[in-house]
Amino acid sequence: MDNVVVVEHPVTKHCLKFLRDKKTGTALFRDCMSRLGLCLAYQATADLPTRQAQVETPLNVMADVEELDMKGVLLIPVLRAGLGFVNSFLEIIPEAKIAHIGMARDHQTLEAKVYLRSLPDKLDTYQRVYVLDPMLATGNSCVKTMDILTASGIDPASIVLVCAFTAPEGIKQLHQKYPQIKVVTASVDKCLNEVGYIIPGCGDAGDRLFLL
Numbered sequence: 146m147d148n149v150v151v152v153e154h155p156v157t158k159h160c161l162k163f164l165r166d167k168k169t170g171t172a173l174f175r176d177c178m179s180r181l182g183l184c185l186a187y188q189a190t191a192d193l194p195t196r197q198a199q200v201e202t203p204l205n206v207m208a209d210v211e212e213l214d215m216k217g218v219l220l221i222p223v224l225r226a227g228l229g230f231v232n233s234f235l236e237i238i239p240e241a242k243i244a245h246i247g248m249a250r251d252h253q254t255l256e257a258k259v260y261l262r263s264l265p266d267k268l269d270t271y272q273r274v275y276v277l278d279p280m281l282a283t284g285n286s287c288v289k290t291m292d293i294l295t296a297s298g299i300d301p302a303s304i305v306l307v308c309a310f311t312a313p314e315g316i317k318q319l320h321q322k323y324p325q326i327k328v329v330t331a332s333v334d335k336c337l338n339e340v341g342y343i344i345p346g347c348g349d350a351g352d353r354l355f356l357l
């Protein structure tokens with residue numbers, strides 16, 4: 146699939162095993178989601194810009210180095226499940242700003258409804274925006290999130306969507322409208338079931354992180 150990066154790593158596969166298992170309890174599920182998020186974060190941030198700098202080593206020698214430019218980085222977890230990736234990304238880019246979008250799915254129509262929109266002013270000043278949402282299923286909530294961000298001035302080409310599980314249907318819907326957006330995921334699963342859940346997936350990631 147174009148503009149989709151599947152992170153193939155032994156740690157990623159190990160985490161997916163526990164995330165998929167219905168016997169995995171809340172504490173272990175949270176831990177595996179966080180570790181998986183770290184693997185995804187390394188891949189998603191692989192092309193972040195750096196700037197030249199100099200430091201003095203303990204041998205009193207000046208060394209040319211590079212440092213991350215984190216001022217233009219924004220993390221946007223899609224509530225609830227997206228919160229499971231926030232600390233993973235902050236491990237790598239601790240100076241990133243954080244905004245929030247809350248989405249709830251109507252289980253009858255599968256349509257997404259926005260219940261929270263907490264975004265900073267001057268969104269167009271951010272050079273890289275990471276939308277954190279462990280589940281890309283139907284794509285309805287994802288596309289609505291991207292509609293909000295692009296209407297606020299964010300260039301779609303600057304957005305990276307980070308997921309644990311994706312369905313082909315969701316990727317297709319997203320890229321039909323926003324082909325510029327890169328998707329970084331741990332797995333592209335088989336399909337959706339009749340009520341819009343990813344198969345095999347992991348069930349409801351938000352419930353498993355916070356309620357069950």
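In this text, residue positions in the sequence shown follow the working numbering: the first is 146, and each later residue adds one. C-beta atoms are modelled at their ideal positions from N, C-alpha and C, and glycine is treated no differently. What you are looking at is a predicted structure, and each value in this text was computed from that prediction instead of being measured.
Keeping to the same chain, check which residues put their C-beta closer than 7 Å to that of residue i; ignore five residues upstream and five downstream.
i, result
"Asn-338", "Ile-344"
"Gln-325", "Pro-301, Ala-302"
"Glu-212", "Thr-195, Arg-196, Ala-198"
"Glu-201", "Met-207"
"Ile-243", "Leu-220, Val-231"
"Met-215", "Ile-238, Glu-240, Ala-241"
Measure the Cβ-Cβ separation of residue i and residue j and say whether it is below 7 Å.
i, j, result
"Ala-312", "Asp-334", "yes"
"Val-274", "Ile-304", "yes"
"Ala-191", "Phe-234", "no"
"Leu-319", "Gly-284", "yes"
"Gln-188", "Val-156", "no"
"Gln-272", "Gly-227", "no"
"Ala-282", "Leu-161", "no"
"Val-288", "Leu-306", "no"
Starting from the Cα of residue i, find the closest Cα among the options and give me that residue.
i, options, result
"Ser-263", "Leu-294, Ile-237, Asp-269, Phe-234", "Leu-294"
"Met-146", "Gly-315, Leu-356, Thr-157, Pro-194", "Gly-315"
"Leu-354", "Val-151, Arg-165, His-159", "Arg-165"
"Ser-297", "Lys-267, Gln-321, Asn-148", "Lys-267"
"Asp-251", "His-159, Ser-332, Val-340, Gly-182", "Val-340"
"Glu-236", "Phe-163, Ser-179, Asn-148", "Ser-179"
Apart from the five residues on each side of it in sequence, which residues of its chain come closer than 6 Å, Cβ to Cβ, to residue i?
i, result
"Met-291", "Tyr-323"
TODO: Mind listing, in chain order, the continuous beta strand (DSSP E) runs of no fewer than 3 residues lying wholly within the segment 256-297?
DONE: 257-263, 273-277
- [ ] Take every Cβ of the segment 212-222, pair it with every Cβ of the segment 274-282, and state whether three or more of those distances are shorter than 8 Å.
- [x] yes
Open item on the list: Give the list of continuous alpha helix (DSSP H) stretches no shorter than 4 residues that lie fully inside the segment 183-249.
Closed with: 231-237
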